[in-house]
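Oh and the sequence shown: position 270 is 296 in this note's numbering, straight run, nothing missing.
The structure under discussion appears below in the form of structure tokens.
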Amino acid sequence: MPLSSGSLQKKLKTALNETRLLVLGGQILLGFQFQGVFQESFGELSSLARGLDAVALLLMVTTLGLLIAPSMQHRIVEQGRTTERIFRVTGTMAGAALLPFAISLGIDHYAVFERLFGPAAGYMAGAAFFILALVFWYGLEYLVKRATEAPMSKSEPEQHTPLSTKIEEMLTEARVVLPGAQALLGFQLVVTLTRAFETLPFTSRLVHAAALVLVALAVILLMAPAAFHRIAFRGEDTEDFHRIGSWFVVAATVPLAAGIAGDVYVAVGKIAETQVLGIAAALAVLIVLIALWYAQPYLLRRKLAAQHAARRG
């Protein structure tokens, strides 16, 4: 049996809040990995620990990309409507994001404990936290998993989503994206005051400055819907506000993706001591984020539109 409209809207709201919780947790590791590269003691880590730090950084960017992807599909594909498809996608993406999160968590603890107590302690700590994360994020859940209701068939008529629900979910999705941008912006501002930043090649410093501008722009765009709602619309829920707010949320991820890729170039280039690997990592990140946040949603919207047109015809 398909979920009722009210039940589905409540479940989607809860899923979005849970996704925001994961982003809030992930921003700590993301900030640590970016900032750690510029700490004075980073060069004292073993070559293995430094290399793994670069891997952990890429994994956390992937985690962030997966967690934001459902919000992009909700804005682009569903245009704010509450559907069982977007509810399932939100859960699937969150589940997938926890695996690179867990690996990154293990790597970070390996690096810290290796520096404090030696390689053996690093291996044990890294493995222990990775296993703990898998147990608490996957293992226990499968043990207590209950049978779920059958998903709604494709022939099921589309459920009406109230405008107030669309706006509430749009604002929630802005809050899903915002923590990742905030964590990156904080790193970008602080790192310019470190001695390690002064030793970077001019190109890397220039790219960092450009990335800082882009991420700051993303933060401004993500905060704009709340300002519009309070000032321009005086808190009223209107279709115009929903359309404008959705545009801001989608538009903000463009400079955010570019800013993330820019600082991945800077960080990986510094770790590897070669700009070639920095460029390769940045391009890989940009391709992944573009695929998750734009290519897949727009292709899916086109596919679903064609299916709807075929059924009507």
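For every residue, glycine included, the Cβ atom is placed at its ideal position computed from N, Cα and C.
It should be emphasised that the depicted structure is a prediction, and the values quoted were computed from it without experimental measurement.
What does the alpha-carbon distance come out to for the pair residue i and residue j?
| i | j | result |
| --- | --- | --- |
| V87 | T264 | 35 Å |
| Q99 | P145 | 43 Å |
| L92 | Q214 | 22 Å |
| Y164 | F259 | 43 Å |
| P126 | L85 | 5 Å |
| Y136 | L325 | 40 Å |
| K192 | L83 | 34 Å |
| P281 | Q53 | 18 Å |
| R76 | E110 | 43 Å |
| F162 | M150 | 18 Å |
| H340 | S230 | No answer is possible for residue 340: the residues shown for the chain start at 27 and end at 339. |
| V170 | L160 | 15 Å |
| L243 | T218 | 18 Å |
| G69 | H186 | 57 Å |
| L315 | P323 | 12 Å |
Use the C-beta contact count for residue i: other C-beta atoms within 10 angstroms, 16 or more gives buried, fewer gives exposed.
| i | result |
| --- | --- |
| R201 | buried |
| R328 | exposed |
| T118 | exposed |
| P96 | buried |
| L55 | buried |
| I257 | exposed |
| I112 | buried |
| A120 | buried |
| E175 | Low confidence applies to E175: its pLDDT is 49, below 50, so where it sits in the model is not reliable, and the reading given next is rough at best. Label assigned to E175: exposed. |
| I313 | exposed |
| Q267 | In the sequence as displayed, the identity of residue 267 is Phe instead of Gln. With 16 or more other Cβ atoms within 10 Å, it is buried. |
With H, G and I counted as helix, E and B as strand and the rest as coil, what does DSSP make of residue i?
| i | result |
| --- | --- |
| R260 | coil |
| R201 | helix |
| S72 | coil |
| F64 | coil |
| L219 | coil |
| L226 | coil |
| P323 | helix |
| T300 | coil |
| T187 | coil |
Can residue i and residue j be called in contact, C-beta distance under 9 Å?
| i | j | result |
| --- | --- | --- |
| G132 | R141 | no |
| G285 | L232 | no |
| G288 | H234 | yes |
| T89 | S130 | yes |
| L247 | A209 | no |
| A252 | A80 | no |
| Q65 | A222 | yes |
Looking at the ligand FMN, does it come within less than 8 Å of residue i, judged from the CB to the closest heavy atom?
| i | result |
| --- | --- |
| L303 | No copy of the ligand FMN occurs in the structure displayed, which carries no ligand at all. |
To test your reading of the DSSP string, which unbroken alpha helix (DSSP H) runs of 4 or more residues are found completely within the region 86-170? 110-143, 145-160, 166-169
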